[in-house]
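Asker: Sequential numbering of the sequence shown, starting at 0, is according to numbering that gives the first Met the number 0. By construction, the Cβ of each residue, glycine as well, lies at the ideal position given by its N, Cα and C atoms.
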Amino acid sequence: MWLFKREAIRKFFHFFSPDGGRVEVEELPGLRSAWLKREVRVRVLLPPGYAESSRSYPLLVLNDGQDLEALRFVRVLERLYRKGKVGHFIAVAVHAGDRMQEYGTAGRADYMNRGRKAGAYTRFLLRELLPLLRQQYRIDTDPKAHAIAGFSLGGLSAFDVGWHHPEVFGQIGVFSGSLWWRSKPFREEAPDADRIVQTYVEASNACPPLRFWLQAGTADEQADRNNNGIIDAIDDTLDLIRALETVGYDRKKAIRYVEVKGGEHNPQTWGQIMPDFLQWAFPKRATNK
């Protein structure tokens, strides 16, 4: 049950820019999820001119919303708006709870039983948060206009939610995704086996109508489990791309891979590459601002 009175408790934080690029961030406190059995903090970022407009907007759901400041997300987004680099959209930043349990793959926990609440997190997004947002905000009904994205474990979660729910999200963004997530412990004789996401993509008999943006940094980590000279973060991402191509996705049309030279596993790197993702997911078109 939602304990939420929007007009009574909402808080506004205004970020001003001199030439019309202002983003308004509305905090929605006190959202209690029946699925997660906790309060979930959510911030909604409204595009410039939202209050004066009557149109509906594309949607971005962002895992690890508590990292907005470290990502410099609002500043980056306002700069893109001022320069006319992206179309207007609504961003929803969901603050994480127990990341090791709520993020993961909903259909299966990993071999250490991590990700046990990933299914509950998915249901929170689809059955609680999104219906509430649609009641309160003017959100486009076309899933192709909507994206879900995340960082590290949040990126793993974003891929899993988007892959299994293309009726809701048409685009997936994965920043340094934890694509090593395994169903069995590491085995030296089969170092790349048992990765959950790559396995279920390879086993798919269909290509959901999705587009994928995937990023890894050359300094994401140092581990190289199969001793091929490529760090695991890059290997796991490239193997997922190969799996997507194997089941029929066109690399040029449906997949964008960005490898950041010197990029590390932190919000600074992800904030640096954020403009690439936002311009890919929400390109400026003649019909939108």
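1. Where Leu131 and Ser32 are concerned, what is the direct C-alpha to C-alpha distance, given to the nearest angstrom?
2. Looking at C-beta atoms only, is the number of pairs between the stretch 87–98 and the stretch 190–210 that lie closer than 8 Å three or more?
3. Is Ser290 helix, strand or coil when you go by DSSP?
4. Taking the alpha-carbon of Leu70 as reference, which of Asp159, Leu237, Gln267, Gly172 has the nearest alpha-carbon?
5. Assuming the contact rule is C-beta atoms closer than 8 Å, Val196 and Asp159 should be a hit. Round their C-beta distance to whole Å, please.
6. If distances are taken between C-alpha atoms only, which option among Asp109, Ile171, Gly64, Gly261 comes closest to Lys183?
7. Inspect the beta-carbon positions of Trp212 and Phe168 and report whether they are closer than 8 Å.
8. Quick one: what's got a C-beta closer than 7 Å to Glu55's C-beta in the same chain, skipping five residues either side?
9. Using 8 Å as the Cβ pair cut-off and three pairs as the minimum, do the stretch 107–124 and the stretch 70–89 touch?
10. Which same chain residues end up closer than 7 Å to Asp223 when comparing Cβ atoms and leaving out the 5 residues on each side of it in sequence?
11. For a test of the three-state rule: what should DSSP assign to Glu110, helix, strand or coil?
12. From Lys251 to Leu44, what distance separates their C-alpha atoms?
13. For Gly172, write down the residues that DSSP places opposite it in a beta bridge.
Answerer: Well, looking at it:
1. 12 Å
2. no
3. Shown here, the chain extends from 0 to 288; a query on residue 290 therefore has no answer.
4. Gln267
5. 7 Å
6. Asp109
7. no
8. In the sequence under discussion, the amino acid at residue 55 is Ser, which differs from the Glu named in the question. Excluding sequence neighbours, Ser55 sits near Arg137, Ile138, Asp139.
9. no
10. Ile229, Ile230, Asp231
11. Before going further, note that residue 110 is Tyr rather than Glu in the sequence given. Looking at Tyr110 - three-state DSSP - the assignment turns out to be coil, as it is neither helix nor strand.
12. 31 Å
13. Ala148, Trp212
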